[in-house]
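Asks:
There are 2 protein chains.
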Amino acid sequence: MKTEKISELTTNRLSVYLRCLNELSEEGAKTVSSGKLAKRFHLNSAQIRKDLACFGEFGVRGVGYYIDDLREQITKILGLDKDHRVGIIGAGRLGMALTDYYGLTQSNFEVVALFDADKKKIGSTIGGVEVFDFKKVKQVIKKEKIDVAVIAVPAEYAQKVLEEVSKAGIKAVMNFAPTPLQASSDVKVKSIDLTISLESLSYFLAQP
Amino acid sequence: MKTEKISELTTNRLSVYLRCLNELSEEGAKTVSSGKLAKRFHLNSAQIRKDLACFGEFGVRGVGYYIDDLREQITKILGLDKDHRVGIIGAGRLGMALTDYYGLTQSNFEVVALFDADKKKIGSTIGGVEVFDFKKVKQVIKKEKIDVAVIAVPAEYAQKVLEEVSKAGIKAVMNFAPTPLQASSDVKVKSIDLTISLESLSYFLAQP
DNA sequence: TAGACTTGTTTCAAGTGTGAAACAAGATGA
DNA sequence: TCATCTTGTTTCACACTTGAAACAAGTCTA
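Order-wise, the sequence lines are chains A and B. When you line the first sequence up against our numbering, it's residues 232 to 439, in that order. When you line the second sequence up against our numbering, it's residues 232 to 439, in that order.
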């Protein structure tokens with residue numbers, strides 16, 4: 232097993248491998264080699280072996296990988312065996328949509344609170360999730376044991392929101408506001424910028 | 232002006248620059264240098280100049296860039312001066328959320344149709360947008376002049392959907408299904424994988 | 001036992017992106 | 001005029017990722 236630092240690209244691929252293994256498992260397969268996995272899902276066999284070798288020796292020489300065992304290992308590596316409680320900041324259109332979406336997606340993430348500064352929204356419930364006053368974000372995070380924050384506020388408030396939830400002890404943040412955020416090194420911020428993606432399509436369509 | 236091929240990373244940065252310029256313009260500034268832009272928004276001045284130089288000579292030596300002029304140029308480069316008509320395939324939770332979200336986001340993208348295979352959904356309207364039978368996707372795309380497709384169906388149907396809309400002449404696709412897609416080279420597919428992003432956060436939280 | 005597989009590991013070449021440095025040419029202001 | 005600024009452009013070093021190749025060690029099958 233290698234002990235170098237693990238690239239985020241590697242863990243992203245682990246997610247992909249896990250999906251592939253789930254598909255194979257549903258088909259009843261018991262083992263799979265890196266070569267077959269690569270061929271079937273358009274991956275690279277050497278990369279698969281390298282990625283997995285970062286975390287341990289999961290395969291058997293001459294055989295390949297036992298699918299159910301490897302699924303379990305990757306699930307554990309990615310922390311998908313532990314539950315997380317999510318708070319979404321911003322009960323606007325996007326925040327509500329995400330609440331709805333995450334709410335029914337079966338995963339280890341559960342949305343347990345919404346936050347907004349708009350008094351008209353505070354106190355209401357959306358998809359069974361209560362909207363709290365953002366001023367109380369710190370105490371609600373503590374009380375509800377929230378460990379993941381989703382930022383769904385306009386760009387100009389996003390940095391401030393990040394700082395507030397960081398103060399409340401949040402270490403993992405998903406940011407949908409179209410702006411880069413500055414976080415301290417112990418807080419992981421994952422940004423999804425729908426605007427940039429759309430504008431990228433727009434650029435492509437504008438090419439002659 | 233350079234004539235090399237333009238990296239997608241470059242056009243993504245153009246989107247960022249445009250936002251920065253909008254912010255400066257609102258503050259009443261007339262010109263800005265690459266150095267000041269970089270300092271203010273945590274960018275790299277050399278990169279800014281290189282990126283812009285890919286598309287023309289927009290700056291004035293000794294002065295910098297005229298903000299409104301540059302905004303207009305970037306808007307044109309990214310094709311944000313042309314309108315696009317969007318069809319969303321999959322009227323499930325995510326598709327509905329996206330319809331709602333895009334619907335009120337002021338941009339040059341307008342959602343004009345939803346598609347689904349579920350007879351119970353076909354014919355209804357969501358946020359003022361009608362749900363059509365996916366079997367009629369080709370003719371509706373033609374009739375409504377749709378040029379952008381958004382895939383919001385379960386992973387196992389995504390590839391099939393991509394092939395159908397490609398046959399109908401769509402050249403730009405935004406994919407939210409958690410699976411990689413194989414497209415012909417003249418079709419641009421931009422994938423946003425929320426699952427991988429979440430699992431990446433999960434991995435981070437699982438680290439000791 | 002012999003041959004066919006496959007993993008885990010190392011090494012290497014190629015491609016890509018980044019950031020710094022340098023500099024001529026043009027613009028501005030004192 | 002002269003000093004100062006900034007762009008557009010080139011060059012370079014560095015880092016990262018990918019994909020290929022090679023090989024010893026271990027496993028399976030005939």
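Backbone N, C-alpha and C fix where the C-beta goes; we use that ideal spot for every residue, glycine too.
Cβ closer than 9 Å: which chain B residues qualify as neighbours of A:T426?
Replies: Those within 9 Å of A:T426 in chain B are S246, R250, T336, S338.
Asks: Of all the CB atoms in chain A, is at least one closer than 8 Å to the CB of B:G310?
Replies: yes
Asks: So, with DSSP's three-state summary, where would you put A:K366?
Replies: helix
Asks: Go to A:I320, then tell me how far its beta strand (DSSP E) extends in each direction, as first and last residue.
Replies: Start and end: 315-320.
Asks: Hey, does B:S379 have any beta-carbon neighbour from chain A nearer than 8 Å?
Replies: For the sequence presented, residue 379 of chain B should be read as Val rather than Ser. Cβ-Cβ to chain A under 8 Å: yes for B:V379.
Asks: Evaluate A:Q370 with the Cβ neighbour count: other Cβ atoms within 10 Å of its Cβ, from every protein chain shown; 16 or more gives buried, anything less gives exposed.
Replies: exposed
Asks: Rounded to whole angstroms, what's the CA-CA distance from B:V342 to A:D378? Just pull it up for me.
Replies: 35 Å
Asks: May I have the straight-line CA-CA distance separating A:E258 from A:C251, to the nearest angstrom?
Replies: 11 Å
Asks: Taking only beta-carbon positions, decide if A:K352 is within less than 8 Å of chain B.
Replies: By the rule that beta-carbons nearer than 8 Å mark a contact, A:K352 does not touch chain B.
Asks: When DSSP labels each residue in this structure, what does A:V360 get in the three-state scheme?
Replies: strand
Asks: Relative to the C-alpha of A:A344, which candidate in A:S338, A:K351, A:Y333, A:Q337 has its C-alpha closest?
Replies: A:Y333
Asks: Under DSSP, the alpha helix (DSSP H) around A:I308 begins and ends at which residues?
Replies: 298-308
Asks: Report the residue from B:Q390, B:E395, B:G400, B:N275 whose alpha carbon sits nearest the alpha carbon of B:S422.
Replies: B:Q390
Asks: Since B:A380 contacts B:V362 with CB under 8 Å, what's their CB separation in whole angstroms?
Replies: Not quite, the Cβ-Cβ distance comes to about 15 Å (not below 8 Å), so this is no contact.
Asks: Indicate whether A:K443 and A:I298 have their beta-carbon atoms separated by less than 8 Å.
Replies: In the structure as shown, chain A starts at 232 and stops at 439, and residue 443 of chain A therefore has no counterpart that could be examined.
Asks: Going by beta-carbon coordinates alone, are B:D282 and B:L245 separated by less than 8 Å?
Replies: yes
Asks: Mind checking whether B:V418 and B:K402 have CB atoms under 8 Å apart?
Replies: yes
Asks: Return the residue from the list B:E235, B:M327, B:V317 that minimises the CA-CA distance to B:V396.
Replies: Out of B:E235, B:M327, B:V317, B:V317 has the C-alpha closest to the C-alpha of B:V396.
Asks: Could you tell me which of B:G293, B:L309, B:R292, B:E235 sits nearest to B:Y248, measuring between CA atoms?
Replies: For the residues B:G293, B:L309, B:R292, B:E235, the minimum Cα distance to B:Y248 belongs to B:L309.
Asks: Does the beta-carbon of B:A383 have 16 or more other beta-carbons within 10 angstroms, so that it is buried, or is it exposed?
Replies: buried
Asks: Which whole-angstrom value is the C-beta distance of A:I279 and A:S265, which I expect to be below 8 Å?
Replies: 4 Å
Asks: Mind checking A:K352: buried by the 16 CB within 10 Å criterion, or exposed?
Replies: buried
Asks: Excluding sequence positions up to five away, which residues of its chain have a Cβ less than 8 Å from the Cβ of A:A386?
Replies: A408, P409, T410
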